[in-house]
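Sequential numbering from 185 applies to the sequence shown in this note's numbering.
Beta carbons are placed, not taken as given, at the ideal position from N, Cα and C, and that holds for glycine.
Since the model is a prediction, treat every value here as computed from it, not as a measurement.
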Amino acid sequence: MKIEAKELTVLAGRTSILDDIQLSLNPGEFIGILGPSGSGKSTLLTALSGRRKYNKGEVLYDGEPLEGRPGETIGFVPQDDNLHTALKTGRLLSYSARLQMPGKTKQQISKLIDLTLRSVGLEDRKKTVVKKLSGGQRKRVSIAQELLLSPKALFLDEPTSGLDPELEKSVMKLCARLAKEGRLVVMTTHILDSISLFDRLMFLVAGKTAFFGTPDEAMAFFKVEDFHHIYPLLARPEASRYAEKYKTSLIYRKYFKGG
Numbered sequence: 185m186k187i188e189a190k191e192l193t194v195l196a197g198r199t200s201i202l203d204d205i206q207l208s209l210n211p212g213e214f215i216g217i218l219g220p221s222g223s224g225k226s227t228l229l230t231a232l233s234g235r236r237k238y239n240k241g242e243v244l245y246d247g248e249p250l251e252g253r254p255g256e257t258i259g260f261v262p263q264d265d266n267l268h269t270a271l272k273t274g275r276l277l278s279y280s281a282r283l284q285m286p287g288k289t290k291q292q293i294s295k296l297i298d299l300t301l302r303s304v305g306l307e308d309r310k311k312t313v314v315k316k317l318s319g320g321q322r323k324r325v326s327i328a329q330e331l332l333l334s335p336k337a338l339f340l341d342e343p344t345s346g347l348d349p350e351l352e353k354s355v356m357k358l359c360a361r362l363a364k365e366g367r368l369v370v371m372t373t374h375i376l377d378s379i380s381l382f383d384r385l386m387f388l389v390a391g392k393t394a395f396f397g398t399p400d401e402a403m404a405f406f407k408v409e410d411f412h413h414i415y416p417l418l419a420r421p422e423a424s425r426y427a428e429k430y431k432t433s434l435i436y437r438k439y440f441k442g443g
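Right, here's the structure in full:
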């Protein structure tokens, strides 16, 4: 599914949380949304996924307004896992599947759960109680819940928050693989260690687009040799100048002006 945002603006009173956001996201892409705290990352994620209303502009799914496609299958994984930790992994997914797909038989659901657990690397944890899983494994269960309906797009809000580096890397690699299978996968994050796995990056500053493009284009745009040097630049009082610089750049024209 192709998702576009055109002049997307979200207000809180008279304050712009998102200001004139332009985006074009394609099937099979792994997209990272980054930026300092309060820059609008989670707001953008919820607006793109239809979980938050916006004040101006539009969100398009395959060229059609989001509002005209209420039945679209979109997966959304929140930052905090909403799991019944006393249940076994397979039983938890079974309850979720039965609620979302009441028309499927017990055998169909069982087969779907096995396929889904295999896709997130948890086939050997089907009978493990959720509270005994590691943080990274619980996050995979949250992702598995959303994959049951075969969503065309998957949104994740800070899925690696609180995970140690190895678990963070494993979740990132899983999300990259899910995108390669043909889904659009969009993630907010503040962790930069696995940033090269993203196909495209979006950096926000004060609700504005400071950059959108490939990881290599980001390094060139911000004139850094390490991704970790970008955040200090965006924390400066004059960081909003990057939004102005980006709108006049060749990279912006490449993605949004057909250049």
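Proximity winner among the options, relative to residue i (alpha-carbon distances)
i: A281; options: K272, K240, S294, L271; result: S294
i: L381; options: F395, S326, K353; result: K353
i: T199; options: S223, L283, Q321; result: S223
i: P211; options: A196, M185, T193, L195; result: M185
i: T269; options: G259, K323, M403, T227; result: K323
i: D348; options: A394, Q321, A337; result: Q321
i: D377; options: H413, A363, A404; result: H413
i: I201; options: K336, T227, F214, Y426; result: T227
i: D298; options: P416, F396, R275, T432; result: R275
i: R235; options: G259, G247, L271; result: G259
i: D203; options: S424, A419, G366; result: S424
i: Q284; options: L301, E330, G366; result: E330
i: F396; options: K431, V355, S303; result: K431
i: K288; options: E307, K392, L332, K336; result: L332
i: K336; options: A419, K364, I375, R437; result: K364
i: G247; options: K407, A189, L301, P286; result: A189
i: A360; options: R437, S433, P421, S303; result: S303
i: K225; options: K392, K441, L417; result: K392
i: G346; options: G366, I375, R367; result: I375
i: S433; options: F406, L418, F411, L417; result: F406
i: E213; options: G366, P286, D308, V355; result: G366
i: F452; options: P286, I379, R309; result: Lying outside 185 to 443, the shown extent of the chain, residue 452 is not represented and no answer is given.
Enclosing beta strand (DSSP E) for residue i [first to last residue]
i: R384; result: 384 to 389
i: A394; result: 392 to 397
i: M356; result: M356 -> not in any beta strand (DSSP E); alpha helix (DSSP H) instead, spanning 349 to 364.
i: L192; result: 187 to 196
i: S368; result: The sequence shown places Leu at residue 368, rather than the Ser named in the question. Its beta strand (DSSP E) spans residues 368 to 372.
Terminal residues of the alpha helix (DSSP H) in which residue i lies
i: I435; result: 434 to 440
i: L418; result: 414 to 418
i: K429; result: 425 to 431
Rounded Cβ spacing between residue i and residue j (contact assumed at less than 8 Å)
i: I187; j: L232; result: 6 Å
i: V325; j: T273; result: 6 Å
i: G305; j: L358; result: 7 Å
i: L195; j: I205; result: About 13 Å separates the two Cβ atoms, so there is no contact after all.
i: E401; j: I435; result: 5 Å
i: A427; j: A404; result: That pair is no contact at about 17 Å.
i: T257; j: S318; result: T257 to S318, Cβ: 29 Å. No contact.
i: L362; j: A328; result: So it is not a contact: roughly 11 Å between Cβ atoms.
i: Y452; j: S208; result: Residue 452 cannot be examined here, being either before or after the span of the chain that is shown, 185 to 443.
* Unbroken stretches of the beta strand (DSSP E), 3 residues or longer, contained in the stretch 259 to 347 -> 337 to 341
* Is there contact between the stretch 364 to 371 and the stretch 313 to 321, where contact requires at least three CB pairs shorter than 8 Å? -> no
* To do: Only counting runs of 4 or more residues, tell me where the alpha helix (DSSP H) segments fall wholly within the stretch 210 to 260, in order along the chain.
  => 225 to 232
* Asked: Do three or more CB pairs link the stretch 241 to 254 to the stretch 377 to 392 at distances below 8 Å?
  -> No contact exists between the stretch 241 to 254 and the stretch 377 to 392.
* Could you tell me whether the stretch 247 to 256 touches the stretch 284 to 293, where touching means 3 or more Cβ pairs closer than 8 Å? => no
* Between the stretch 212 to 232 and the stretch 388 to 398, are three or more C-beta pairs nearer than 8 Å? -> These segments touch.
* Asked: How do the stretch 258 to 267 and the stretch 326 to 341 stand: do at least 3 beta-carbon pairs fall below 8 Å, yes or no?
  -> yes
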